[in-house]
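Report on the following structure.
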Ligand code: ADP
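Numbering (this note's numbering), first residue to last: 4 to 431.
Below, the structure written as structure tokens:
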């Protein structure tokens with residue numbers, strides 16, 4: 004078995020975002036959570052994405068985990084490797100984008116890679132090496148206030164230069180406008196001058212197509228999920244990838260539906276309201292303060308969900324709350340404990356209710372999704388069709404020979420207002 008693309012993603016929902024775009028480009032994808040101990044079923048799979056938690060951990064750990072993923076993907080025979088990070092280039096002066104890219108290049112014995120964070124349909128573009136979010140420079144986009152990776156400089160050549168001892172260069176839009184051959188030549192010229200990392204402009208999808216064409220032969224490319232949508236066409240042109248008619252085809256979904264929400268992002272709060280309006284009496288709010296008092300609150304939530312499931316009625320269990328309520332809980336319990344109580348409760352509900360027949364599970368919240376996936380002991384997800392931008396249905400095989408569990412994992416601000424209802428309507 005040989006896969007075409009092996010990707011290493013620095014966080015969980017970022018991995019799913021890339022996988023979603025690869026499916027849209029025509030590749031059959033499996034996402035694994037860390038390097039799996041046993042080989043998942045990779046029959047009819049063109050791309051494997053390893054989801055790590057390496058965005059904001061210590062540099063050494065990010066490098067070690069990324070190299071372990073690289074070894075594993077090389078064993079699978081990946082023709083090209085993709086290091087996926089956020090389209091807002093989330094990193095600090097210490098890393099982890101520069102050190103991880105350097106370590107991967109060194110292990111591959113490669114002299115150069117490209118850095119393509121842009122995702123134009125989501126408003127992330129790069130011009131003259133400067134990253135924009137919509138019409139704002141990165142350092143004026145809100146990202147300058149990020150708690151872990153504040154981005155206070157939009158000049159990516161300068162940003163990356165602080166993270167690597169190697170030379171960082173630029174492919175500007177003017178070069179891209181001359182086409183892929185000129186772009187390839189420019190990369191070769193930069194390489195001849197020992198430029199190891201090349202930040203690439205891209206303001207629209209045609210720039211990404213030019214870049215995909217110019218970089219398809221590189222052993223390592225790096226970037227956001229935008230480049231992922233442009234690469235599969237190049238693999239087909241090379242004859243590495245067949246025309247796949249339904250790359251996101253999953254097995255028919257079965258089992259009862261359940262929505263679990265631990266996200267307090269604005270989009271999720273609107274989705275919770277929309278669900279409760281459509282399904283009066285269909286929701287149960289869990290409260291970290293009540294969870295801290297003992298088992299009773301969790302048992303109530305479980306009993307509520309079970310009775311709705313037995314009636315085959317839509318059900319939502321949510322900790323999602325407005326900022327004042329969240330702050331009040333955090334003030335009493337501490338930020339970590341409040342979050343942990345919620346994540347543990349939702350993870351336990353997922354396990355208990357899947358055992359009672361839930362087969363279609365929607366989880367809202369990036370951290371919450373991670374907690375639910377690990378409570379369910381899921382190590383691999385097959386990626387299906389997109390529900391809304393960045394969110395596909397996926398399937399996990401929990402037990403051999405049983406029906407797979409269908410999962411939609413939504414990070415906070417993703418999805419339309421009716422997402423908790425519509426997601427189930429589009430699931431075959
Ligand atoms: P998002 O993708 O919207 O950021 P996450 O799941 O990543 O959502 O993060 C939300 C965090 O907030 C989780 O750790 C969750 O446990 C925590 N949380 C959810 N509801 C509450 C609440 N009512 N009070 C305090 N913390 C909460």
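Heads up, the beta-carbon is just placed ideally off N, CA and C, and yes, glycines get one too.
> Mind pulling the beta strand (DSSP E) runs of 3 or more residues that sit fully within the region 200-257?
Replying inline: 223-226
> Since residue 102 is in the alpha helix (DSSP H), which residue starts that stretch and which ends it?
Replying inline: As a first step, residue 102 must be located in the chain shown, where it is residue number 99. From DSSP, the alpha helix (DSSP H) with residue 102 extends over 100-111.
> How would you call residue 394, buried or exposed, if buried means at least 16 neighbouring beta carbons within 10 angstroms?
Replying inline: Translated into the one-based positions of the chain shown, residue 394 becomes position 391. It counts as buried.
>> Under DSSP, the alpha helix (DSSP H) around residue 342 begins and ends at which residues?
In response: Position 339 of the chain shown, counted from the first residue, corresponds to residue 342. Counting along the chain, the alpha helix (DSSP H) containing residue 342 begins and ends at 338-357.
> Using a threshold of 6 Å, is the CB atom of residue 296 nearer than that to any non-hydrogen atom of the ligand ADP?
Replying inline: Working through the chain shown from its first residue, we reach residue 296 at position 293. No, the Cβ of residue 296 stays beyond 6 Å of every heavy atom of the ligand ADP.
> Under a three-way DSSP split, which group does residue 124 fall into?
Replying inline: For the purposes of this step, residue 124 is taken as the residue at position 121 of the chain shown. Three-state DSSP puts residue 124 in a helix.
> With residue 29 and residue 247 assumed to form a contact (beta carbons below 8 Å), what rounded beta-carbon distance in angstroms separates them?
Replying inline: Walking along the chain shown from the start, residue 29 turns up at place 26. Walking along the chain shown from the start, residue 247 turns up at place 244. Going by Cβ atoms, the distance from residue 29 to residue 247 rounds to 5 Å, so yes, they are a contact pair.
> Does the beta-carbon of residue 11 have 16 or more other beta-carbons within 10 angstroms, so that it is buried, or is it exposed?
Replying inline: If you number the chain shown from 1, residue 11 lands on position 8. Residue 11 should be labelled buried.
>> Taking the straight line between their C-alpha atoms, what separation do you get for residue 323 and residue 266?
In response: As a working mapping, residue 323 is identified with position 320 in the chain shown. As a working mapping, residue 266 is identified with position 263 in the chain shown. Roughly 5 Å between the two C-alpha positions.
> When the Cα atoms are used, what is the spatial distance from residue 115 to residue 201?
Replying inline: Position 112 of the chain shown, counting from 1, holds the residue named residue 115. Position 198 of the chain shown, counting from 1, holds the residue named residue 201. Taking the straight line from one Cα to the other gives about 8 Å.
>> Given a cut-off of 7 Å on the beta-carbon distance, is the pair residue 49 and residue 7 in contact?
In response: The residue labelled residue 49 in the question sits at position 46 within the chain shown. The residue labelled residue 7 in the question sits at position 4 within the chain shown. Contact: yes.
> Rounded C-beta distance between residue 86 and residue 223? I'm assuming under 8 Å.
Replying inline: Position 83 of the chain shown, counting from 1, holds the residue named residue 86. Position 220 of the chain shown, counting from 1, holds the residue named residue 223. Contact flag correct, Cβ pair sits at about 7 Å.
> Can you round the beta-carbon distance between residue 411 and residue 365 to whole angstroms, since I take them to be within the 8 Å contact cut?
Replying inline: Translated into positions along the chain shown, residue 411 becomes position 408. Translated into positions along the chain shown, residue 365 becomes position 362. Right, the Cβ-Cβ distance comes to about 5 Å (below 8 Å), so this counts as a contact.
> Would you say residue 150 touches the ligand ADP, meaning its beta carbon is less than 6 Å from a heavy atom?
Replying inline: Translated into positions along the chain shown, residue 150 becomes position 147. Checking the Cβ of residue 150 against the ligand ADP gives no.
> Is the number of C-beta pairs between the region 223-236 and the region 332-341 that are closer than 8 Å three or more?
Replying inline: no
> Quick one, are the C-beta atoms of residue 286 and residue 319 less than 7 Å apart?
Replying inline: Translated into the one-based positions of the chain shown, residue 286 becomes position 283. Translated into the one-based positions of the chain shown, residue 319 becomes position 316. Contact: yes.
> In this structure, what does DSSP give as the bridge partners for residue 411?
Replying inline: Within the chain shown, the letter at position 408 stands for residue 411. DSSP, once it has assigned bridges, lists 365, 396 as partnering residue 411.
> The beta strand (DSSP E) spanning residue 429 covers which residue range?
Replying inline: Against the chain shown, residue 429 aligns to sequence position 426. Premise fails: residue 429 is in no beta strand (DSSP E) and is neither H nor E.
> How would you write the range of the beta strand (DSSP E) that residue 133 sits in, first residue to last?
Replying inline: Here residue 133 refers to the residue found at position 130 of the chain shown. Here the beta strand (DSSP E) through residue 133 covers 133-136.
> With residue 175 and residue 131 assumed to form a contact (beta carbons below 8 Å), what rounded beta-carbon distance in angstroms separates them?
Replying inline: What you label residue 175 is simply residue 172 of the chain shown in a count that begins at 1. What you label residue 131 is simply residue 128 of the chain shown in a count that begins at 1. Between residue 131 and residue 175 the Cβ distance is about 6 Å, and since that is below 8 Å, they are a contact.
> Distance, Cα to Cα, residue 208 vs residue 239?
Replying inline: As a first step, residue 208 must be located in the chain shown, where it is residue number 205. As a first step, residue 239 must be located in the chain shown, where it is residue number 236. Each residue's alpha carbon lies about 18 Å from the other.
> Using a Cβ-Cβ cut-off of 7 Å (strictly less than) and excluding sequence neighbours within five positions of residue 72, which residues of its own chain qualify?
Replying inline: Along the chain shown, one-based indexing puts residue 72 at 69. Excluding positions up to five away in sequence, the list reads 11, 38, 53, 55.
> Any idea what DSSP makes of residue 151, helix, strand or coil?
Replying inline: Working through the chain shown from its first residue, we reach residue 151 at position 148. Here residue 151 sits in coil by DSSP.
>> Pop quiz: residue 237 and residue 24 are said to be a contact at Cβ under 8 Å. What is the actual Cβ separation, rounded to whole angstroms?
In response: As a first step, residue 237 is located in the chain shown; it is residue number 234 there, counting from the start. As a first step, residue 24 is located in the chain shown; it is residue number 21 there, counting from the start. Not confirmed; about 14 Å, so no contact.
> beta strand (DSSP E) containing residue 116: first to last residue?
Replying inline: If you number the chain shown from 1, residue 116 lands on position 113. Unbroken beta strand (DSSP E) run through residue 116: 116-119.
> Since residue 280 is in the alpha helix (DSSP H), which residue starts that stretch and which ends it?
Replying inline: Counted from its first residue, the chain shown places residue 280 at position 277. Element bounds for residue 280: 269-281.
> Rounded to whole angstroms, how far is the Cβ of residue 181 from the Cβ of residue 418, which I believe are closer than 8 Å?
Replying inline: Counting from one through the chain shown, the residue named residue 181 turns up at place 178. Counting from one through the chain shown, the residue named residue 418 turns up at place 415. Wrong, their Cβ atoms sit about 39 Å apart, outside the cutoff.
> Do you know offhand how far residue 290's Cα is from residue 301's?
Replying inline: Taking the chain shown and counting its residues from 1, one reaches residue 290 at position 287. Taking the chain shown and counting its residues from 1, one reaches residue 301 at position 298. One C-alpha to the other measures close to 9 Å.
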